[in-house]
């Protein structure tokens, strides 16, 4: 799906004052990173490392795995598409509602992914698929499955490859699967993102962790020079300097909780639980698309219309926590929407 | 193929004084581009345009085609892999010797591409394939097929899709196919690169031109946000400002000719003709791999061992024209190699 995702402010030039539609951590990238990237601009005259060798080695060291267990990709989305390509012969199942790219990537490779409801999966329903896609914590719902349970679930179905997208694991206090799970489990691939915690989604930088045998298949689909020089430079800098996130996680999650509670106080608005900074919100008036358009027009606030997530109806929007005063302003705007005739 | 391409100086840190292994135009990127990219670094906090809408519109305008005839990609290499993925059901043929990625991309999608010798193809031999890959001007040989002949050849086999890689068309005075050929011909896709003429291969920026029906299939395989924000910013800047290349083409090609002639004077060295700045060179002593290692060790000169191009033997290296004094120094070094015991 090329359009219909969040962070589409560029389609409304000059209109967006506050962007609630992107799940990256607010606060900008670590101080020092911009200056470092500036110093790296002359490196654009050379091709990037063909297989991101330096960053691969750094990630392997950080995650305490072998370089053969790491594949650096042009964003987590590219990782998803490469995995779908490598295992296109396997019937796929997607635990929904979730990020549209798992199913889209399967379809782009000739597959017809089945949908498995999250509640059914969490309840232990079996999934008749050779490749199962799961986002944990899930986008857009903010639900998470406990790692012990999930580990057992994955091991109980060894003939199926499970792809678990951990893109938001860094923005959540609940334990998710860890890097060690990937290589240690013969039927598990973990997708990770380096751009959400450090607020650099413009650069495109993600990676896959998994057992060597599975990653070899994925690597075979990955072209040389797939990750640009500045994304590599950013990743290498972040791994080397290990900066704290712009907003301490506990404070961010506390604000997210306060934001959800305040929004839930608005009459007619249902707010769904979430373990992270984004969450679903269903106002009893109008559709998500109508609310999105109104918020943008009247207040310059951009939210994610969640109506195009398979398994969700048209009434919901996804909102990502921003700074406290901005969150309060959105609550007031939605209150106004609910009261207007 | 992840390794074995040119511009692999990063694998020999601190050793490379002059890089003859990369085919980008010497002289660096246009003045102004670095400052512009520096100003764009804050944009890394947002996702790139999901489908490179702005640059697509600019390219369509420049090439006098519709936006539906343009697909912006994460470098020309990504374009090649997307095309192979979209048309994976078609038996493929590759006109060789050539860039390894055409065949590799087909193999990554389950294909077994046939090889068609360049001389046979140029001689009119028929190609029993549903998808034919051709690099024009060709890498690594520097040979080119005349556009009129090629156009007729492509039209004579309408059930076959021809993919013509024009990555080096800007670095050659001979006429190649033009942008208009792609959309006008129902079975032709053109691959273009924006990084070679402007010396920014680190950024990854290419595009495909072709008829809407074929491009729709390729676009379906392309993930959202595939091209990073800075590559898009660079492309938009270059299209808007239309800077001249760092080295006027006529001067560059004149130096390339002088370089080839000087090298051909070295006893025991055969130099192959080329219409562009890179060319093949076959010294009667040792292998390409041995010469590459010796040049790097003794002189800090990096050349491309051409022995891994399918259809070439192990004796050749590919050399790309650099500045005159650097080219003279390489000629002297190879003379020394030929004379040494």
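Residue numbers (my numbering), protein chains in the order written: chain A, 28 to 368; chain B, 28 to 368. Where is the CB? At the ideal position from N, CA and C, for every residue including glycine. No experiment lies behind these values; they were computed from the predicted model shown.
Backbone CA spacing between residue 88 of chain B and residue 275 of chain A [nearest angstrom]: For the purposes of this step, residue 88 of chain B is identified with residue 61 of the second chain, where counting begins at 1. For the purposes of this step, residue 275 of chain A is identified with residue 248 of the first chain, where counting begins at 1. In a straight line, the C-alpha of residue 88 of chain B is about 46 Å away from that of residue 275 of chain A.
Enumerate, from N- to C-terminal direction, the unbroken beta strand (DSSP E) stretches of 3 or more residues contained entirely within the segment 222-260 of chain B. As summarised for the segment 222-260 of chain B, the continuous beta strand (DSSP E) elements at least 3 residues long and confined to that stretch are 233-236, given in chain order.
So that I know if they touch, is there some Cβ in chain A lying closer than 9 Å to that of residue 128 of chain B? Looking up residue 128 of chain B in the second chain gives position 101. Yes, residue 128 of chain B counts as interfacial toward chain A.
Cβ separation of residue 252 of chain B and residue 318 of chain B, assumed to be a contact under 8 Å, to the nearest whole Å: For the purposes of this step, residue 252 of chain B is identified with residue 225 of the second chain, where counting begins at 1. For the purposes of this step, residue 318 of chain B is identified with residue 291 of the second chain, where counting begins at 1. That belief does not hold up - the Cβ atoms of residue 252 of chain B and residue 318 of chain B are roughly 42 Å apart, past 8 Å.
Expected contact under 8 Å - CB spacing of residue 171 of chain B and residue 302 of chain B to nearest Å: Position 144 of the second chain, counting from 1, holds the residue named residue 171 of chain B. Position 275 of the second chain, counting from 1, holds the residue named residue 302 of chain B. The beta-carbon separation of residue 171 of chain B and residue 302 of chain B, rounded to 5 Å, stays under the 8 Å limit for a contact.
Show which residues of chain B have a CB atom less than 8 Å away from the CB atom of residue 212 of chain A. Numbered from its first residue, the first chain carries residue 212 of chain A at position 185. Ordered by position in chain B, no residue passes the 8 Å Cβ test against residue 212 of chain A, which lies about 25 Å from the chain.
Close beta carbons around residue 322 of chain B, own chain, < 7 Å, minus the five adjacent residues each side: Taking the first residue of the second chain as 1, we reach residue 322 of chain B at position 295. Exclusion of the five residues before and after residue 322 of chain B leaves 328, 330 and 360 as the residues of its chain whose Cβ lies within less than 7 Å of its Cβ.
Whole-angstrom Cβ separation of residue 308 of chain B and residue 290 of chain B, contact assumed at under 8 Å? Taking the first residue of the second chain as position 1, residue 308 of chain B is located at position 281. Taking the first residue of the second chain as position 1, residue 290 of chain B is located at position 263. Sure, about 6 Å apart at Cβ, within 8 Å.
Can you confirm whether residue 107 of chain A, when its beta carbon is compared against all beta carbons of chain B, has any partner nearer than 9 Å? As a position in the first chain, residue 107 of chain A is number 80, starting the count at 1. Yes, its Cβ sits closer than 9 Å to a Cβ of chain B.
From residue 28 of chain A to residue 147 of chain B, what does the alpha carbon distance come to, in whole angstroms? One-based indexing of the first chain puts residue 28 of chain A at position 1. One-based indexing of the second chain puts residue 147 of chain B at position 120. Spanning the two alpha carbons is a distance of roughly 42 Å.
Say whether chain A places a C-beta atom closer than 9 Å to the C-beta of residue 19 of chain B. Outside the shown range of chain B, which is 28 to 368, sits residue 19 of chain B, and nothing can be said about it.
Suppose the cutoff is 6 Å on Cβ atoms and the five residues either side in sequence are ignored; what does the same chain contact list for residue 109 of chain A look like? The sequence position of residue 109 of chain A within the first chain is 82, counting from 1. Once the five neighbours on either side are set aside, the close Cβ partners of residue 109 of chain A are 245, 248 and 249.
Note down the Cα distance separating residue 369 of chain A from residue 138 of chain A, rounded to an integer number of angstroms. No information on residue 369 of chain A is available, as it lies outside the stretch 28 to 368 that chain A covers here.
So residue 315 of chain B is in the beta strand (DSSP E); what residue range does that whole segment cover? The residue you call residue 315 of chain B lines up with position 288 of the second chain. Looking at the DSSP string, residue 315 of chain B is not in any beta strand (DSSP E); the run it does join, the alpha helix (DSSP H), is 315-326.
In terms of DSSP beta bridges, what is residue 310 of chain A paired with? Here the question's residue 310 of chain A lines up with position 283 in the first chain. When beta bridges are read from the DSSP output, residue 310 of chain A appears opposite A:296.
In the DSSP assignment, what residue or residues form a beta bridge with residue 188 of chain A? Counting from one through the first chain, the residue named residue 188 of chain A turns up at place 161. DSSP lists A:158 as partners of residue 188 of chain A.
Alpha carbon of residue 53 of chain B to alpha carbon of residue 43 of chain B, nearest angstrom: As a working note, residue 53 of chain B is residue 26 in the second chain. As a working note, residue 43 of chain B is residue 16 in the second chain. Residue 53 of chain B and residue 43 of chain B have their alpha carbons spaced roughly 15 Å apart.
Let's see if you can read the secondary structure: which residues bound the beta strand (DSSP E) around residue 215 of chain A? For this step, residue 215 of chain A is matched to residue 188 along the first chain. Per DSSP, residue 215 of chain A belongs to the beta strand (DSSP E) from 215-220.
Would you check if the distance between the CB atom of residue 219 of chain B and the CB atom of residue 200 of chain B is smaller than 9 Å? Position 192 of the second chain holds residue 219 of chain B. Position 173 of the second chain holds residue 200 of chain B. When the beta-carbon positions are compared, residue 219 of chain B and residue 200 of chain B stay at least 9 Å from each other.
Nearest-angstrom Cα separation, counted from residue 80 of chain A out to residue 259 of chain A: Here residue 259 of chain A is taken as the residue at index 232 of the first chain, counted from 1. Here residue 80 of chain A is taken as the residue at index 53 of the first chain, counted from 1. The straight-line gap from Cα to Cα measures roughly 10 Å.
If you measure from the beta carbon of residue 272 of chain B to each beta carbon in chain A, is any gap under 9 Å? As a first step, residue 272 of chain B must be located in the second chain, where it is residue number 245. No, residue 272 of chain B does not count as interfacial toward chain A.
Taking only three categories from DSSP, how would you classify residue 177 of chain B? In the second chain, the residue the question calls residue 177 of chain B occupies position 150. Secondary structure of residue 177 of chain B (DSSP, three-state): helix.
What are the boundary residues of the beta strand (DSSP E) that includes residue 76 of chain A? On the first chain, residue 76 of chain A is found 49 positions in, with the first residue counted as 1. Neither: residue 76 of chain A is in no beta strand (DSSP E) and is coded neither H nor E.
Would you verify that the beta carbon of residue 95 of chain A is, or is not, closer than 9 Å to some beta carbon of chain B? Within the first chain, numbered from 1, the residue matching residue 95 of chain A stands at position 68. Cβ-Cβ to chain B under 9 Å: no for residue 95 of chain A.
Residues sharing a beta bridge with residue 199 of chain B, DSSP: Locating residue 199 of chain B in the second chain gives position 172, counting from the first residue. According to DSSP, residue 199 of chain B bridges with B:303.
Where the alpha helix (DSSP H) containing residue 132 of chain B begins and where it ends: Translated into positions along the second chain, residue 132 of chain B becomes position 105. Counting along the chain, the alpha helix (DSSP H) containing residue 132 of chain B begins and ends at 128-135.
So, do the segment 96-108 of chain A and the segment 231-245 of chain A have three or more beta carbon pairs nearer to each other than 8 Å? In short, these stretches touch, since the Cβ pair count reaches three.
Using a Cβ-Cβ cut-off of 6 Å (strictly less than) and excluding sequence neighbours within five positions of residue 298 of chain A, which residues of its own chain qualify? Mapped onto the first chain, residue 298 of chain A falls at position 271. Once the five neighbours on either side are set aside, the close Cβ partners of residue 298 of chain A are 287, 290, 291 and 308.
Does residue 76 of chain B come within less than 9 Å of chain A when only Cβ atoms are used? Counting from one through the second chain, the residue named residue 76 of chain B turns up at place 49. Taking Cβ atoms only, chain A reaches closer than 9 Å to residue 76 of chain B, which makes this a yes.
So, are the CB atoms of residue 204 of chain A and residue 221 of chain A less than 9 Å apart? Stepping through the first chain from its first residue, residue 204 of chain A is reached at position 177. Stepping through the first chain from its first residue, residue 221 of chain A is reached at position 194. The Cβ atoms of residue 204 of chain A and residue 221 of chain A lie no closer than 9 Å to each other.
Just how far apart, CA to CA, sit residue 123 of chain A and residue 161 of chain B? The residue you call residue 123 of chain A lines up with position 96 of the first chain. The residue you call residue 161 of chain B lines up with position 134 of the second chain. So the two alpha carbons sit approximately 43 Å from each other.
Under a Cβ-count criterion, where at least 16 other Cβ atoms within 10 Å of its own Cβ denotes burial, should residue 145 of chain A be classed as buried or exposed? What you label residue 145 of chain A is simply residue 118 of the first chain in a count that begins at 1. Answer is buried; the Cβ neighbour count reaches 16.
Would you say residue 162 of chain A faces chain B, with C-beta separation under 9 Å as the test? Locating residue 162 of chain A in the first chain gives position 135, counting from the first residue. With respect to chain B, the C-beta atom of residue 162 of chain A has no partner C-beta closer than 9 Å.
Please name the residue in A:50, A:227, A:165 and A:114 whose C-alpha comes closest to that of residue 140 of chain A. Along the first chain, one-based indexing puts residue 140 of chain A at 113. Ranking the options by Cα distance to residue 140 of chain A, first place goes to A:114.
Three-pair Cβ contact test at 8 Å for the segment 260-280 of chain A versus the segment 117-136 of chain A: Result no; under three Cβ-Cβ pairs closer than 8 Å.
Rank A:181, A:190 and A:296 by C-alpha distance to the C-alpha of residue 107 of chain A and give the top, closest one. The count along the first chain starts at 1 and reaches residue 107 of chain A at position 80. Minimum Cα distance to residue 107 of chain A is reached at A:190.
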